[in-house]
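*Asks:* Read in the working numbering, the sequence shown has 575 at position 296, and its numbers run on one by one without any break. Backbone N, C-alpha and C define an ideal beta-carbon position, used for all residues, glycine too. On a predicted model such as this, the values are computed, not experimentally measured, just so you know. Have a look at this one before I ask anything.
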Amino acid sequence: MKIISFLQLSVASGLLSLGPIAETPAPARPAGATAAPLHVVATTPDLAALAIAIGGDAVEVKALAKATEDPHFVDAKPSHIVTLNKADVLIEGGAELEIGWLPPLLESARNAKLAIGAPGRVLANQGIRMLEIPATFDRARGDVHAKGNPHFLIDPLNAKIVAANIADHLAQVDPKSAALYKANLAKFNATLDQRVAAWQKQLAPFKGAKVVTYHRDFVYLAERFGLVVVETLEEKPGIAPSPAHIAAVIGTMKSSNAKVILVQPFQNRKTAETVARQTNGAVLDVSLEPGAIKGTDDYFLLMDYIVNTLTTAFQAAK
Ligand SMILES: [Zn+2]
Numbered sequence: 280m281k282i283i284s285f286l287q288l289s290v291a292s293g294l295l296s297l298g299p300i301a302e303t304p305a306p307a308r309p310a311g312a313t314a315a316p317l318h319v320v321a322t323t324p325d326l327a328a329l330a331i332a333i334g335g336d337a338v339e340v341k342a343l344a345k346a347t348e349d350p351h352f353v354d355a356k357p358s359h360i361v362t363l364n365k366a367d368v369l370i371e372g373g374a375e376l377e378i379g380w381l382p383p384l385l386e387s388a389r390n391a392k393l394a395i396g397a398p399g400r401v402l403a404n405q406g407i408r409m410l411e412i413p414a415t416f417d418r419a420r421g422d423v424h425a426k427g428n429p430h431f432l433i434d435p436l437n438a439k440i441v442a443a444n445i446a447d448h449l450a451q452v453d454p455k456s457a458a459l460y461k462a463n464l465a466k467f468n469a470t471l472d473q474r475v476a477a478w479q480k481q482l483a484p485f486k487g488a489k490v491v492t493y494h495r496d497f498v499y500l501a502e503r504f505g506l507v508v509v510e511t512l513e514e515k516p517g518i519a520p521s522p523a524h525i526a527a528v529i530g531t532m533k534s535s536n537a538k539v540i541l542v543q544p545f546q547n548r549k550t551a552e553t554v555a556r557q558t559n560g561a562v563l564d565v566s567l568e569p570g571a572i573k574g575t576d577d578y579f580l581l582m583d584y585i586v587n588t589l590t591t592a593f594q595a596a597k
């Protein structure tokens, strides 16, 4: 007698594997029905915010990482696999920010639409000039920036490049809405140009201002607006601060007269506070992700918040 295993039964009944679900053709849409929105998944909320701006009503956007979560270390959940399995488009950074958690999720999701090279797979950093590509790299020690600094979207001119990449891929996957994506991109760029001019004007008096960050996460912002990141509380990207390193940071802040420490919600604020107390500095709560801080739900609101927060702190430190 042939014994049918639970696994075979489960697969046959569609209970277990996501593979057969992915390979089953979707039922044809009845004629005259309104087009269903394109299912767009972004790895992080900043990419999702751009996808919403470009996709408008033609897309439904989900982010895998929470706004308050460290994007290097996202908790992989079964619901992420389901989301990826149903996606028409996946937008990821393209610079290994998500390497610790996205590949196993994608493997389980078995969605051919999201294969590398497919129009449904967007590598946001295409065309971005990557900063800090390391000469040496030791993942074994916890170092996390193998392909250069992956936090590029906080430079608003990089946001323009990413928005264009997203518009290009959405139009390929969903040609019937190509005109909408093009129009939304033009609108996004027009707003961005206006805002960048305002942000540059606002920060111009503080050119050369020195800041400390917890992680190397505001490097592109600093470069765009002429700020100087003199130290990070982490010794290297992803490597927690040691007491010796903290002492060195305090020394550098004192000698360079840096008064501002930028911290994201998931980073160790206590360490930053300790350093701030000893340097007469201020800890600023900021984020790379729209929505992590109240009132920063889209890219422009987030950038407004960051520029305003910096301006207030620099004025106070003068
Ligand atoms: Zn990083």
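Rounded to whole angstroms, how far is the Cβ of Asn444 from the Cβ of Val401, which I believe are closer than 8 Å?
*Replies:* The Cβ separation is near 6 Å, so the contact holds.
*Asks:* Got a sec: does ligand 1 put a non-hydrogen atom nearer than 8 Å to the Cβ of Ile423?
*Replies:* The sequence shown places Val at residue 423, not Ile. Yes, the beta carbon of Val423 sits closer than 8 Å to at least one heavy atom of ligand 1.
*Asks:* Under the three-state reduction of DSSP, which class applies to Asp564: helix, strand or coil?
*Replies:* If DSSP states are grouped into helix, strand and coil, Asp564 belongs with the strands.
*Asks:* For Asp496, verify whether its CB is less than 8 Å away from any heavy atom of ligand 1.
*Replies:* Yes, ligand 1 has a heavy atom inside 8 Å of this Cβ.
*Asks:* Buried or exposed: which applies to Thr558, given that a residue is buried once 16 or more other Cβ atoms fall within 10 Å of its Cβ?
*Replies:* Per the 10 Å Cβ criterion, buried.
*Asks:* Got a sec: does ligand 1 put a non-hydrogen atom nearer than 8 Å to the Cβ of Asn404?
*Replies:* Incorrect: Asn404 has no Cβ contact closer than 8 Å to ligand 1.
*Asks:* Ile540 bridges to which residues according to DSSP?
*Replies:* DSSP output for Ile540 lists Val491, Val562 as bridge partner(s).
*Asks:* Helix, strand or coil for Arg400? Go by DSSP, reduced to three states.
*Replies:* Looking at Arg400 - three-state DSSP - the assignment turns out to be strand.
*Asks:* Given that a residue counts as buried once 16 or more other Cβ atoms are within 10 Å of its Cβ, and exposed if not, what is Glu386?
*Replies:* Classification for Glu386: exposed.
*Asks:* Find the nearest neighbour of Gly406 within the set Phe431, Arg420, Pro544, judged by alpha-carbon distance.
*Replies:* Taking only the C-alpha atoms, the option nearest Gly406 is Phe431.
*Asks:* Using 8 Å as the cut-off, classify the Cβ of Pro383 as near or not near the heavy atoms of ligand 1, replying yes or no.
*Replies:* For ligand 1, not one heavy atom lies less than 8 Å from the Cβ of Pro383.
*Asks:* Given the structure, does Leu581 come close to ligand 1, in the sense that its CB is under 8 Å from one of the ligand's heavy atoms?
*Replies:* No, the Cβ of Leu581 stays beyond 8 Å of every heavy atom of ligand 1.
*Asks:* Throw me the rounded Cβ distance for the Ala457 and Ala450 pair, which I believe falls under 8 Å.
*Replies:* That pair is a contact at about 4 Å.
*Asks:* Using 9 Å as the threshold, is the C-beta distance between Gln481 and Thr590 below it?
*Replies:* Yes.
*Asks:* Residue range of the alpha helix (DSSP H) that Ala446 falls in?
*Replies:* Counting along the chain, the alpha helix (DSSP H) containing Ala446 begins and ends at 435 to 452.
*Asks:* What is the rounded straight-line gap between the Cα of Glu552 and the Cα of Val338?
*Replies:* One C-alpha to the other measures close to 42 Å.
*Asks:* Exposed or buried, what is Gln546 when buried is set at 16 or more other beta-carbons lying within 10 Å of its beta-carbon?
*Replies:* Classification of Gln546: buried, given that the 10 Å Cβ count is 16 or more.
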